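For the record, the sequence lines run as chains U and L.
Okay, so the first sequence: first residue is 7 according to my numbering, each after it adds one.
Okay, so the second sequence: first residue is 210 according to my numbering, each after it adds one.
Glycine is no exception: its CB is placed at the ideal position from the N, C-alpha and C atoms.
Treat the numbers as computed from the prediction; the structure is a model and nothing was measured.
Working notes, structure below.
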Amino acid sequence: MTRENKKKKAIEIVSRRDNGRMLSYLNSCVHCGLCADSCIFYLTGNDPKFIPARKVDLVASVYRRYNTLSGRLVPGLTGARELDDETVREMVDLLYGACTMCGRCTLHCSVGLDISEVVRTGRNMLSAMDLVPATLQSTVRAAMETGNNMGISKEDLVDTIKWLEEDLQFELDDNTARIPLDEPGKKVIYTLNPREPKFFPLSISAMAKIFHIAGESWTLSTRMYDVTNYAYFSGNDDEASEIVNRLADETLALGAEKVVLAECGHGSRSFRWEGPNYISRKYPFKVLTSVELINEYIREGRISPDLSKNTKKVTLHDPCNLVRGGGIMKQQREILNRAVSDFTEMNPFGNDNYCCGGGGGQLSMSEYNDRRMGAGKIKADQIKATGAEVVVTPCHNCVDQLIQINQAYKLNVQIKTMAEIVADAL
Amino acid sequence: MEWYKLISLGTLAICLGSCIFHFIRLIQLGKPIDYSVQAGDTTKAVIYSLTGAMSPAKKESAYLHLPTYAAGILYHLGTFLAILLFFTIIAGASYSGILKLIIVLFLSVTTISGLIILIKRLVSPALKSLSNPDDYISNALVTLFQAFTVLVLTYPSFEWAYYVAVSLLLLYLPLGKLKHAIYFFAARYHLGYFLGYRGTWPPVKQNTRFSYDQRE
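Given below as structure tokens:
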């Protein structure tokens, strides 16, 4: 496709008229700038270019240039911009490199724009022009080519799982404790963030322990287990759909009734909420997050955590895509109140919680590392203020970022997933 | 009928026609089809989006910037009142006594609010960096509209100037960001529906506000 055609495609994306939602957002920003204080990049970088309204305007100005009378006739009047090299450079820098699409600004926008959705539309445009940062695209490519974003071979996965299974049987002193692989007809197909088999295998055994004690009928798939979908971050909806289809097809192939999404904020969001819309059909199976499932187990008495086993002061980091983008807020708290003896909230928390800085694909875009770690200062300060010794977060991307924040800001805390802290109490 | 009244009626027709076009287009396009399984109450969330979510108790952009928020609210109230008054004034209504005094005092305050917002945009480096000519023109035209409403109520001989100001505003409204008069409600509806569908809004009770560093 020629450069001109790619540009044309990008303009079509911002001009599309399939519903009134984006049209409303692109015509609503009044440039009040009051969203500035909701953005971790602006708060830590203190540069006006990081103000969310600026990011919205990058996309909206291109919309105005090609879709409004004033934009066509007197572009300077409304700041309407050509989709030229300068605009594109700025879009790449700010929409990929200075936004985690955390949605905090969305909730606090004076007008009510879904700013993260506008940013993602901008990423759609850049993706159509093949301008996704190479570092982010390589993560998507790994998922497309190998079935998981870390390129883990089936043999390595099976070896890891077998080792974890033996370890679990030893820990529980129970030879029936299993981590089933590719078993058809089970109620639950469980997914993983590939970081788990690669770097954090104990979070897999923690969830396996919970499944075992709850007496769940479950399996992992070696063919498609990756809960992540970095194409959600890159803005390539075709690739995002392909990744969603793979998991949906594997669920059907194994005949599972439910997909349980591992602790991954964007993975949960992209499969549960965006996925059916990418593929334009409803799933014929149930989808829930492991946080919801663990909470169900506790409520139903299928597992009974002993909170005296977790006596350290614990705080919770709310993953943006799980909470603001997925409506899962109460469940984490219900679990922690049953699994730890000293739980304290960050300030603010829940819908208002600050992003850790690791979302939006930031962790894979090493060229923006300094910004990402700078933006993490807010989270570091929040954690420090709680005085907690353990930070729990149901998201592996957040875990990675929190580990780095922990080192950079000398927090001296432990970072755990929800399954890990619950398994500790079993 | 005087020429300036005719012009204002003409620009009103253009403005209304344009607004109706935008409104009908929004209604026709509707909301996106969502194939995911709904988790929350969209009606409650839309109501929340149009009410509680905009209150200074919940909205960070409001509670961290109370003076600006208050000025903005007053400014918008003044605009609504001035629009209402325009229809009554052109229909031949006149105001006197205590009612006129209250209106004039109120609109004077809202005009000052508009001026403060304009000055803030002119002097704040962050806000300046976000602004284009439309931001200044829109703010200035609406502020002038309110100021001229005060003027025409106080000095009826300035009627022509009032109608010219009204005409300029009505002619300009569909061209720039003043269109948010229509899109604002649609944006809040869509946001409320979207967040309600997922169960994010209305929010469960949580601690009150906080700012990373109380800026204002």
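Can you give me the Cβ contacts of residue i inside the same chain, cut-off strictly under 8 Å, excluding the 5 residues immediately before and after it?
| i | result |
| --- | --- |
| Leu142/U | Tyr102, Tyr236, Phe239, Ser240, Gly367, Ser370 and Met371 |
| Tyr392/L | His231 and Leu235 |
| Tyr406/L | Asp243, Ser245, Gln247, Ala248, Gly249, Thr251 and Ala254 |
For residue i, which option in the options has the closest C-alpha, if you only look at C-alpha atoms?
| i | options | result |
| --- | --- | --- |
| Lys192/U | Thr257/U, Ile216/U, His323/U and Met131/U | Thr257/U |
| Asp43/U | Ser116/U, Ser34/U and Met135/U | Ser116/U |
| Ile307/L | Ala300/L, Phe315/L and Gly301/L | Phe315/L |
| Val65/U | Thr74/U, Gly51/U and Leu32/U | Leu32/U |
| Gly364/U | Met28/U, Asp188/U and Cys105/U | Cys105/U |
| Ser347/U | Asp324/U, Val428/U and Ala268/U | Val428/U |
| Lys264/U | Asp255/U, Cys270/U and His272/U | Asp255/U |
| Val194/U | Thr295/U, Glu202/U and Met379/U | Thr295/U |
| Thr358/L | Ile216/L, Lys309/L and Asp344/L | Lys309/L |
| Phe289/L | Ala335/L, Ile325/L and Phe354/L | Phe354/L |
| Lys390/U | Val138/U, Ser159/U, Leu417/U and Ser144/U | Leu417/U |
| Leu286/L | Thr319/L, Lys267/L and Ala266/L | Thr319/L |
| Pro54/U | Gly226/L, Leu218/L and Ala335/L | Ala335/L |
| Thr392/U | Glu373/U, Val320/U and Cys362/U | Val320/U |
| Ile19/U | Ser34/U, Tyr48/U, Asn73/U and Thr8/U | Asn73/U |
| Asn52/U | Phe295/L, Ser258/L, Gly219/L and Ser338/L | Ser338/L |
| Asn301/U | Glu245/U, Arg229/U, Ile216/U and Lys288/U | Ile216/U |
Which class does residue i belong to by DSSP, given the choice of helix, strand or coil?
| i | result |
| --- | --- |
| Asp188/U | coil |
| Tyr31/U | helix |
| Tyr304/L | coil |
| Trp169/U | helix |
| Asp324/U | coil |
| Trp410/L | coil |
| Gln420/U | strand |
| Lys337/L | helix |
| Arg418/L | Below a pLDDT of 50, predicted positions are generally treated as unreliable, and Arg418/L, at 46, falls in that range; the measurement from the model is reported next regardless. Arg418/L falls in the coil class under three-state DSSP. |
| Arg424/L | Residue placement at Arg424/L is flagged as unreliable, the pLDDT there being 40, under the threshold of 50; the coordinate-derived value follows with that caveat. Here Arg424/L sits in coil by DSSP. |
Using a C-beta to C-beta distance shorter than 7 Å, which residues of chain L count as neighbours of residue i?
| i | result |
| --- | --- |
| Tyr31/U | Ala396 |
For a contact meaning CB atoms closer than 9 Å, what does residue i contact in chain L?
| i | result |
| --- | --- |
| Asp63/U | Leu339 and Asn341 |
| Arg78/U | Going along chain L, no residue has its Cβ under 9 Å from Arg78/U, so there is no contact; the nearest lies around 11 Å. |
| Gly365/U | What Gly365/U touches in chain L: nothing, since even the nearest Cβ is about 16 Å away. |
Beta-carbon within less than 7 Å of residue i's beta-carbon, same chain only, minus the 5 sequence neighbours each way: which residues are those?
| i | result |
| --- | --- |
| Lys315/U | Asp430 and Ala431 |
| Tyr402/L | Lys240, Thr251, Ala254 and Val255 |
| Leu408/L | The question names Leu, yet the displayed sequence has Gly at residue 408/L. So the list reads Ala248 and Gly249, once near-sequence residues are dropped. |
| Cys361/U | Ile46, Thr106, Cys108, Arg110 and Cys326 |
Only counting the same chain, and skipping five residues up and downstream in sequence, which positions put a Cβ closer than 6 Å to that of residue i?
| i | result |
| --- | --- |
| Ser67/U | Gly85, Ala86 and Arg87 |
| Leu40/U | Ser116 |
| Ser133/U | Ser240, Gly241 and Asn242 |
| Ala280/L | Ser322, Ile325 and Ile326 |
| Pro186/U | Thr225 |
| Met379/U | Ala414 |
| Asn353/U | none |
| Phe47/U | Phe56, Ala104 and Ala381 |
Work out the CA separation of residue j and residue i for me, nearest whole Å.
| i | j | result |
| --- | --- | --- |
| Glu306/U | Glu340/U | 13 Å |
| Ala356/L | Leu328/U | 48 Å |
| Tyr69/U | Gln337/U | 40 Å |
| Gly26/U | Ile242/L | 11 Å |
| Leu163/U | Asn155/U | 13 Å |
| Ala302/L | Tyr364/L | 15 Å |
| Tyr231/U | Leu273/L | 44 Å |
| Glu202/U | Thr166/U | 10 Å |
| Ser227/U | Pro282/U | 21 Å |
| Tyr371/L | Thr352/L | 12 Å |
| Arg126/U | Leu215/L | 46 Å |
| Lys204/U | Gly118/U | 40 Å |
| Glu123/U | Asp90/U | 22 Å |
| Tyr196/U | Gly128/U | 33 Å |
| Leu342/U | Phe349/U | 7 Å |
| Leu253/U | Asp24/U | 27 Å |
| Ser276/U | Thr234/U | 8 Å |
| Ser376/L | Ala59/U | 30 Å |
| Glu177/U | Ala212/U | 11 Å |
| Glu151/U | Ser247/U | 14 Å |
| Ser30/U | Asp344/L | 18 Å |
| Val332/L | Ser340/L | 11 Å |
| Gln407/U | Ile334/U | 21 Å |
Cβ closer than 8 Å: which chain U residues qualify as neighbours of residue i?
| i | result |
| --- | --- |
| Ser270/L | Cys38, Leu40, Cys41, Asp43, Ser44, His114, Cys115 and Ser116 |
Check the Cβ of residue i against every Cβ in chain L and list those closer than 8 Å, keeping chain order.
| i | result |
| --- | --- |
| Arg287/U | Tyr244 |
| Lys336/U | Val413 |
For residue i, which residues in chain U fall below 9 Å Cβ to Cβ?
| i | result |
| --- | --- |
| Tyr257/L | The contacting residues do not exist; Tyr257/L stays about 11 Å from chain U at best. |
| Thr277/L | Cys38 and Leu40 |
For residue i, decide whether its Cβ has a neighbour in chain C, counting only Cβ atoms nearer than 8 Å.
| i | result |
| --- | --- |
| Tyr284/L | Absent from the structure: chain C. Protein chains present are U and L. |
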